[in-house]
Amino acid sequence: MSTPTRRDFLHATALASTALALPSLHAQGANNRIRLGIIGPGGMGTNHLKSLVRNPDVEITWLCDVDAKRLDTAAKLAQGDAAKPPRTTADMRKVLEDSTVDAVLIATPDHWHAPATILALGAGKHVYVEKPCSHTLREGRLMIEAAQKAKKVVQVGTQSRSTEHVQQAMAKLHGGAIGEVISAKVWNSQFRRNIGHVQPSDPPAELDFDTWLGPAPKVLYQSNMLPGAWRWFHAFGEGDIGNDGVHDLDLGRWGLGMDTHPTRIAALGGKYFHDDDQQWPDTQSVLFEYDLGGGKKRLLSFEQRLWSDYHQEGFENGDAFYGTNGYMILGKNGGWKIYDKKDKLREEAKGTPDLLAHHRNFIECIRSGATPAADIREGHLSASLCHLANIATRTGKVIEFDPKAERITNDAEANKMLTREYRDHWGTPVG
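Just add 5 to the spot in the sequence shown (first one is 1) and you have this note's numbering.
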C-alpha cells in the first residue's frame, strides 16, 4: 500500500486508495447479510459491537484494534453464537484488503476518522464512522469527495438523526409549530473528571502506540491519555464540543434549518476550572451567524460547562429553538416540549437516542443506495461547527468564513488551522 506524506496525508490516502484497485461491492453474504469489519471495537465501538453481534442482517467478519487486550475482549464478545468467529488484526489494511468485506464501522479516536474512512471508500467499502467525522474542516470535504467518487454509503454516528422523537421534533419545527425559527441555543453541561498531570512514560506492552498515533504528530505516551481522554488533547480530539457537543450542535443546525456553513463565528473560553493536562476548554461560549442573503440572518449559540452536573432547562445537554410563535426545548435523551408565546405548554413527547435504528438505516441504505439519515455531508457541516468554534476560541478573533470556498477570509493564520500537518506513518512517501 502506498503511504501518506507528511505534507498532505489525506490527498495521499486518496491516491493510496485508488492504488489498491480492489473490487467494488460484490454479492453479500449468506441470507443477504452485510459482512462488516469493526475498526476500533473498544469504547463506543463496544456499544456498536454489542448491538451488531445480535443483528441478523450483519455478519461481523473482522475486528481491528491496536490494543491487544481490547481486541481480545472484543473477540470474546463477538464470538457468541456465531458459526464463524470474526478474524482479528491490529492492522486495518488487512480488513480493507479483504474483498469479501462489504462495509466497515470506524470507532477509532477522532484523528483516525477521516484517514480510515477515505482508505475504506477507496477499497470499495461502505462506511459507518463515529462522530465527529473529521479532525479538521478540510478532512470533511475530502471525505465527501471520496464518498462521491466511490459511490458508497457513509453514515456518521450522530444517531439522533435516526431517533423517532427527534425526527418528530424536526418535523414540528420545519412545519411551523413555533413560527419562524430565528435562533437556537445548544448547551453541553456536565461534569468531566480531572485527568491530573503526569509525566510521559512507556506505553503498555499490549498497545501499538505508533500505529495508534498514525497520521498525528509524534508525541510521547502519557498514562492519562488513554483510553478515552485523548479527546482532551489537540492532536487527537476536539474537546467535548466535538465529543458530546457535536450531537446537539447537529440538532441545533437541523432545527434552525441551516444547510450550509455559518459566515461569522465568535467565541470565548478556556480552562476555567480544571488544573490538569487537558488542552481543550472546560468552559466555552460560541456564536455562529448564518447570512442567508437579502438581509436575512440566523443565530446559533453554544454553551459548554464541564464542571456542572446540574440540568439546564430540564436537560444535561440540549437544544432550545426560539420562534416567532413560541419555543421548543429538546433533549436528544429525554424528549421535547413546545411552549406558546405565553410560556404555556402546548405539546410534548418522550424519547431516547436509538442506536439500533441508526444501524438499520445504514444497512437499508447499503441495500437500496438511498442517502442515510446522517450522511457525510450532514456530518461535515456539523463537525465543521466544532472546528470553527475551536479556531475562534484559540485565536480569540471573530472569524469571517466563506461557506462556498470553505476558507477563513479575515485571518491567514486562522485559515491554516482548517487543516493540519500529517505524519508519514507507513514508510515511503507518495509524490
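The C-beta atom is built at its ideal place from N, Cα and C for all residues, glycine as well. The model shown is predicted, which means the values in this text are computed figures rather than measured ones.
Here the region 249-257 makes contact with the region 298-313; the two share three or more CB pairs at distances below 8 Å. Here the region 353-360 does not lie against the region 109-116, with fewer than 3 beta-carbon pairs under 8 Å apart. For L68 and E211, the gap between their C-alpha atoms comes out near 16 Å. When C-alpha distances from G401 are compared across K421, G274 and K346, the shortest belongs to G274.
Contact between V132 and T122 holds, with the beta-carbon distance rounding to 5 Å and staying under 8 Å. Under the three-state reduction of DSSP, Q195 is assigned to coil, being neither helix nor strand.
If you draw a straight line from the Cα of V251 to the Cα of A80, it comes to about 30 Å. Beta-bridge annotation (DSSP): R351 is not paired with any residue.
A residue is called buried once 16 or more other Cβ atoms fall within 10 Å of its Cβ, and N52, having fewer, is exposed. In this structure V106 touches K130 by the C-beta definition: roughly 6 Å separates them, less than 8 Å. Going by DSSP, D253 is part of the alpha helix (DSSP H) stretching over G250 to L261. Rounded to whole angstroms, the gap between the alpha carbons of G339 and R351 is 17 Å. For the pair G145 and C138, the CB atoms are nearer than the 8 Å cut-off. It is roughly 26 Å from the alpha-carbon of R310 to the alpha-carbon of H170.
At the C-beta level, I246 and I404 stay beyond 8 Å of one another.
Between the alpha carbons of V186 and E383 lies a gap of roughly 20 Å. Listed in chain order, the alpha helix (DSSP H) elements of length 4 or more contained wholly in the region 61-147 are 73-84, 97-101 and 118-127. Around the Cβ of V224, a 10 Å sphere holds fewer than 16 other Cβ atoms; the residue is exposed.
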